[in-house]
Amino acid sequence: MTDLFEKSIRTLELPAVLEKLAAKAVSDAAKERCLRLTPATDTQEVLHLLDETDAAKERLGLHGSPSFSGVKDVSAALTRADHDGMLNTRELLDVAGVLTASRRVSEYDAQRQGEATVLDRLFSSLHTNRYLEDKIRSAILDEETIADTASSELADIRRKMRLAATKGRQILQRIISSPSYAKVLQEALITQRDGRFVVPVKAECKSSLPGLVHDISSSGATLFVEPMGVVQANNELKELEAREQKEIDRILRQLSAECAAQMENILWDYDILVQLDVIFARAQLSYQLNASRPEVRRRGGITLRRARHPLLDQAKAVPITVELGEQFDTLVITGPNTGGKTVTLKTIGLLSLMAQCGLHIPADGGSAVRVFHRVLADVGDEQSIEQSLSTFSAHMSNIVRILKEVDDHSLLLFDELGAGTDPVEGAALAIAIIQEARNQGALIAATTHYAELKTFAMTTAGVENASCEFDVQTLRPTYRLLIGIPGKSNAFAISRRLGLDESVIQAAQAQMDSDSVRFEDVLTQLEEKRQRLEKAQNEADRLWRQREEDARKARTFREQMEKGKENARAKGEAEAKRIVRQAQQQAEEIFAQLDQLRKEQQKQANVQALNDAKAAVRHHLKTAEEQLHLRDEEQEPAYTPPRPIAVDDQVELPGVKMAATVLAVNGDGTLLLQAGRMKMTVKAQQVRLLEGAPKKSKPAPSPSAATLNTVSRASSELDIRGYETLEAESVVENYLDSAVMAKLGTVTIIHGKGTGALRKAVHEILKRNKAVKSFRLGRYGEGEAGVTVVELK
Numbered sequence: 001m002t003d004l005f006e007k008s009i010r011t012l013e014l015p016a017v018l019e020k021l022a023a024k025a026v027s028d029a030a031k032e033r034c035l036r037l038t039p040a041t042d043t044q045e046v047l048h049l050l051d052e053t054d055a056a057k058e059r060l061g062l063h064g065s066p067s068f069s070g071v072k073d074v075s076a077a078l079t080r081a082d083h084d085g086m087l088n089t090r091e092l093l094d095v096a097g098v099l100t101a102s103r104r105v106s107e108y109d110a111q112r113q114g115e116a117t118v119l120d121r122l123f124s125s126l127h128t129n130r131y132l133e134d135k136i137r138s139a140i141l142d143e144e145t146i147a148d149t150a151s152s153e154l155a156d157i158r159r160k161m162r163l164a165a166t167k168g169r170q171i172l173q174r175i176i177s178s179p180s181y182a183k184v185l186q187e188a189l190i191t192q193r194d195g196r197f198v199v200p201v202k203a204e205c206k207s208s209l210p211g212l213v214h215d216i217s218s219s220g221a222t223l224f225v226e227p228m229g230v231v232q233a234n235n236e237l238k239e240l241e242a243r244e245q246k247e248i249d250r251i252l253r254q255l256s257a258e259c260a261a262q263m264e265n266i267l268w269d270y271d272i273l274v275q276l277d278v279i280f281a282r283a284q285l286s287y288q289l290n291a292s293r294p295e296v297r298r299r300g301g302i303t304l305r306r307a308r309h310p311l312l313d314q315a316k317a318v319p320i321t322v323e324l325g326e327q328f329d330t331l332v333i334t335g336p337n338t339g340g341k342t343v344t345l346k347t348i349g350l351l352s353l354m355a356q357c358g359l360h361i362p363a364d365g366g367s368a369v370r371v372f373h374r375v376l377a378d379v380g381d382e383q384s385i386e387q388s389l390s391t392f393s394a395h396m397s398n399i400v401r402i403l404k405e406v407d408d409h410s411l412l413l414f415d416e417l418g419a420g421t422d423p424v425e426g427a428a429l430a431i432a433i434i435q436e437a438r439n440q441g442a443l444i445a446a447t448t449h450y451a452e453l454k455t456f457a458m459t460t461a462g463v464e465n466a467s468c469e470f471d472v473q474t475l476r477p478t479y480r481l482l483i484g485i486p487g488k489s490n491a492f493a494i495s496r497r498l499g500l501d502e503s504v505i506q507a508a509q510a511q512m513d514s515d516s517v518r519f520e521d522v523l524t525q526l527e528e529k530r531q532r533l534e535k536a537q538n539e540a541d542r543l544w545r546q547r548e549e550d551a552r553k554a555r556t557f558r559e560q561m562e563k564g565k566e567n568a569r570a571k572g573e574a575e576a577k578r579i580v581r582q583a584q585q586q587a588e589e590i591f592a593q594l595d596q597l598r599k600e601q602q603k604q605a606n607v608q609a610l611n612d613a614k615a616a617v618r619h620h621l622k623t624a625e626e627q628l629h630l631r632d633e634e635q636e637p638a639y640t641p642p643r644p645i646a647v648d649d650q651v652e653l654p655g656v657k658m659a660a661t662v663l664a665v666n667g668d669g670t671l672l673l674q675a676g677r678m679k680m681t682v683k684a685q686q687v688r689l690l691e692g693a694p695k696k697s698k699p700a701p702s703p704s705a706a707t708l709n710t711v712s713r714a715s716s717e718l719d720i721r722g723y724e725t726l727e728a729e730s731v732v733e734n735y736l737d738s739a740v741m742a743k744l745g746t747v748t749i750i751h752g753k754g755t756g757a758l759r760k761a762v763h764e765i766l767k768r769n770k771a772v773k774s775f776r777l778g779r780y781g782e783g784e785a786g787v788t789v790v791e792l793k
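Written out as structure tokens, the structure is:
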């Protein structure tokens with residue numbers, strides 16, 4: 001790249017665009033690479049760069065940007081480690097940061113879906129080393145802290161250091177807390193001097209506390225003394241600190257050696273991460289500028305559709321559409337000052353350079369650029385006081401260098417070509433310069449005020465006029481670029497609008513030669529004709545858009561009608577099918593009901609016959625039972641007890657053959673009996689008195705005997721499976737009383753699992769009983785939910 005090309009790049013403000021690009025990068029190295037970007041001059045390289053930007057922009061829209069935080073240059077540190085040097089904690093953490101970034105970017109790539117892109121090669125070439133990453137981060141907590149877990153030896157040393165420090169502080173604490181040393185100490189506090197624990201002692205009392213003096217206050221009134229009892233603990237602490245530092249150095253050397261072993265992979269990953277950072281920065285800038293990828297041409301020209309200068313406010317910048325190199329190779333742009341000529345010139349050059357750097361350009365789809373070997377510009381005020389050059393001389397010096405470097409792969413941009421000298425000579429010189437550059441095959445865009453260049457463009461094949469539109473009514477430029485129409489300086493019109501006397505304007509017009517006046521008149525007529533044609537074209541475009549809109553609405557209406565008819569037909573067919581299905585279903589239901597009625601009718605007849613048969617059987621059974629009762633009454637007379645039945649008599653229930661004890665004789669003559677566990681009330685006529693069975697007497701046992709009996713009957717388990725809920729309540733309560741009297745601490749009630757009703761009833765009893773301390777269900781091996789273990793008070 002020549003010095004003149006580099007100067008033109010600065011003139012066209014590419015560095016300002018690269019600063020916007022660098023702001024999108026994350027790592028410092030990527031920012032530097034962004035600022036050092038230069039336009040590629042090989043078409044394949046430009047296409048590859050744009051492919052990378054396309055792929056990154058697509059991923060950015062789908063998944064966001066990968067994380068490049070922690071990407072730092074570790075090449076110097078790794079080189080030192082490779083020469084057996086020890087890295088410090090900051091350098092090791094930077095290495096871990098590169099490893100972490102590499103792993104995260106690899107994980108980001110893992111979520112990619114779709115077709116392969118040019119970025120796949122970069123992502124797949126990354127190495128991940130989670131082992132070394134975790135080892136560094138687990139050993140180094142921050143720049144100042146090595147973790148205890150970095151090694152077992154370090155953990156043991158630090159444990160001993162804590163013990164030694166505690167021991168020394170305890171001794172010192174006893175000293176400062178002791179009343180006997182209250183007058184010796186300046187203050188009751190513990191401090192450090194040279195890393196050793198000391199106490200402040202009054203200078204006049206230094207003999208009262210033997211020890212080593214480590215420091216003296218500025219006034220000399222206080223000595224910082226390490227008591228002899230603490231010296232041993234502090235010495236031990238110092239030894240341990242030395243061992244700690246030695247172990248830390250060993251850990252850092254080991255980690256440094258492992259990093260050196262992975263040096264090649266780590267540096268490779270660093271370079272790939274920086275490349276990806278730059279690529280995704282290009283994609284983010286594309287989103288910011290609302291830019292798109294242009295077509296890249298090896299030959300031909302430039303086509304920019306609604307292009308916007310990237311350094312202007314994108315919301316306010318007026319887009320331009322310009323072509324150069326297809327139908328014409330030279331564009332002569334004219335118009336008043338501040339009309340946008342220079343911005344147009346810079347936009348053409350800057351967008352070409354951006355594309356050659358792999359950047360998307362702020363222009364609509366259909367735009368195309370050509371890869372130039374040189375983009376050479378002579379733009380702006382080139383006056384140089386240091387070199388004693390005038391504006392004209394500085395411009396001409398630049399142009400001389402440009403004409404020496406120009407070839408058929410060059411784009412030349414001239415601002416106010418030939419200005420700064422005699423207008424006639426300047427115009428003639430400008431035409432000659434353009435012709436010379438055209439002969440070399442270059443594409444040229446030049447701005448001028450000279451009418452001669454307008455005429456040259458109108459009369460020369462391959463040269464085209466363009467103008468920046470200016471609204472004379474508002475005295476403001478519109479910044480629209482009009483191809484094919486030369487611009488007017490509008491000096492007289494602007495002066496008239498600003499209030500210059502008409503006589504002065506007419507005098508000025510009289511100074512112009514007839515050819516210039518006629519030329520200006522022609523331009524005025526062309527401008528008026530252009531405006532009329534533009535209005536007509538706009539009206540035609542409006543009518544055409546309206547016709548297209550009407551046609552679209554007609555097509556939409558026709559499609560809706562066709563769709564409506566199709567829907568109506570389909571709906572009618574569906575309704576007809578539904579009615580047929582419904583009729584068939586109703587017919588089938590009726591047939592099923594008829595079949596059911598026939599079956600029920602047959603079944604009803606069968607049931608009637610069966611009921612008649614059952615009634616006959618019942619009648620025969622009843623008759624047989626009555627006859628049986630008559631025979632029993634005839635054969636066995638009614639039983640009459642030999643004496644009135646009394647309490648505690650033994651009686652027998654006829655037909656049951658079970659003995660029962662009379663518990664009570666009720667007032668209505670009925671008896672309350674107990675047979676085993678069952679109690680029942682029966683009539684006196686329904687039982688037989690067992691003669692010869694003596695009455696059971698219930699002698700009242702002595703308290704001691706009752707207690708012994710209760711204790712002897714109490715056991716550690718109670719099985720109530722099969723009991724009814726009400727029956728179980730009294731059994732459980734009696735059992736608990738017996739267990740308390742027997743002084744049992746823990747008992748087990750076996751109730752079974754079943755439906756859980758019996759378990760629930762038992763738990764309710766246990767909650768109410770004041771003798772129960774706690775209870776729980778059985779554990780595995782104890783019966784689980786089938787038993788309840790009760791702890792008694």
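Position one of the sequence shown corresponds to residue 1 (the working numbering), numbered consecutively onward.
C-beta atoms are modelled at their ideal positions from N, C-alpha and C, and glycine is treated no differently.
- Beyond the five residues adjoining it in sequence on each side, Y450 comes within less than 6 Å, by CB distance, of A427 in the same chain, given in chain order.
- According to DSSP, residue pairing for G211 in a beta bridge involves P227.
- Comparing alpha-carbon positions, the option among L212, D148, L276 and L163 lying closest to I248 turns out to be D148.
- In this structure, A233 is the residue among A233, L718, L87 and Q356 with its C-alpha nearest to the C-alpha of L163.
- Inter-residue distance for A568 and A574 is about 10 Å (C-alpha atoms, whole angstroms).
- Taking C-beta separations shorter than 8 Å and ignoring five residues to either side along the sequence, the partners of G783 in its chain run T748 and I750, following chain order.
- Boundaries for T344: no beta strand (DSSP E) harbours it, while the alpha helix (DSSP H) harbouring it runs K341 to Q356, taken from the DSSP string.
- Counting along the chain, the unbroken beta strand (DSSP E) around S774 starts and ends at V772 to L777.
- Rounded to whole angstroms, the gap between the alpha carbons of Q584 and R558 is 39 Å.
- Scanning its chain for C-beta atoms nearer than 6 Å, with the 5 sequence neighbours on each side dropped, one finds around G211 the residues V225, E226, P227 and M228, in chain order.
- L276 and E236 have their C-alpha atoms roughly 54 Å apart.
- Between G420 and T391, the alpha-carbon positions lie close to 6 Å from each other.
- Distance between L736 and T755, taken at the CA atoms: about 24 Å.
- The segment 372-381 and the segment 306-320 do not touch, with fewer than 3 CB-CB distances between them shorter than 8 Å.
- Taking the Cα positions, V17 is about 31 Å away from A76.
- With a beta-carbon spacing of about 11 Å, I175 and V198 fall beyond the 8 Å limit used to define contacts.
- DSSP places E717 inside the beta strand (DSSP E), whose first and last residues are E717 to D719.
- Taking every protein chain shown into account, the CB of G340 has 16 or more other CB atoms within 10 angstroms, so this residue is buried.
- Within the model, the alpha-carbon separation for L62 versus L543 is close to 41 Å.
- Below 8 Å, too few C-beta pairs join the segment 287-306 and the segment 119-137 to call them touching: fewer than three.
- The alpha carbon of L37 has as its nearest neighbour, out of V26, E6 and A536, the alpha carbon of E6.
- Collapsing the DSSP output to three states places D329 in coil.
- In the same chain as R193, and ignoring 5 residues on each side of it, the C-beta atoms closer than 6 Å to its own belong to H214, D215 and F224, in chain order.
- DSSP places D277 outside any beta strand (DSSP E); the residue lies instead in the alpha helix (DSSP H), whose first and last residues are M263 to Q288.
- One thing to note: L792 has its Cβ no nearer than 8 Å to the Cβ of A785.
- R196 has R193 as its beta-bridge partners, per DSSP.
- Segment contact: the segment 89-99 against the segment 318-333, fewer than three CB-CB distances shorter than 8 Å; contact not assigned.
- Counted as a single uninterrupted DSSP element, the alpha helix (DSSP H) harbouring S75 occupies residues S75 to D82.
- In this structure R779 is exposed. Its beta-carbon is surrounded by fewer than 16 other beta-carbon atoms within 10 angstroms.
- Residue pairing by DSSP places R308 opposite no residue, since no beta bridge is assigned to it.
- With respect to L285, L350 sits apart: the two C-beta atoms are not nearer than 8 Å.
- Out of V772, V371 and R759, the CA that lies nearest to the CA of L744 is found in V772.
- Distances from the alpha-carbon of S106 to those of S67, E144 and I140 put S67 closest.
- Cβ-Cβ distances below 6 Å link P39 to L353, Q356 and C357 in the same chain, with the five nearest sequence neighbours on each side left out; the list follows chain order.
- Spanning the alpha carbons of I765 and T661 requires a straight line of approximately 30 Å.
- In the DSSP assignment, I157 falls outside any beta strand (DSSP E) and lies within the alpha helix (DSSP H) extending over S152 to S177.
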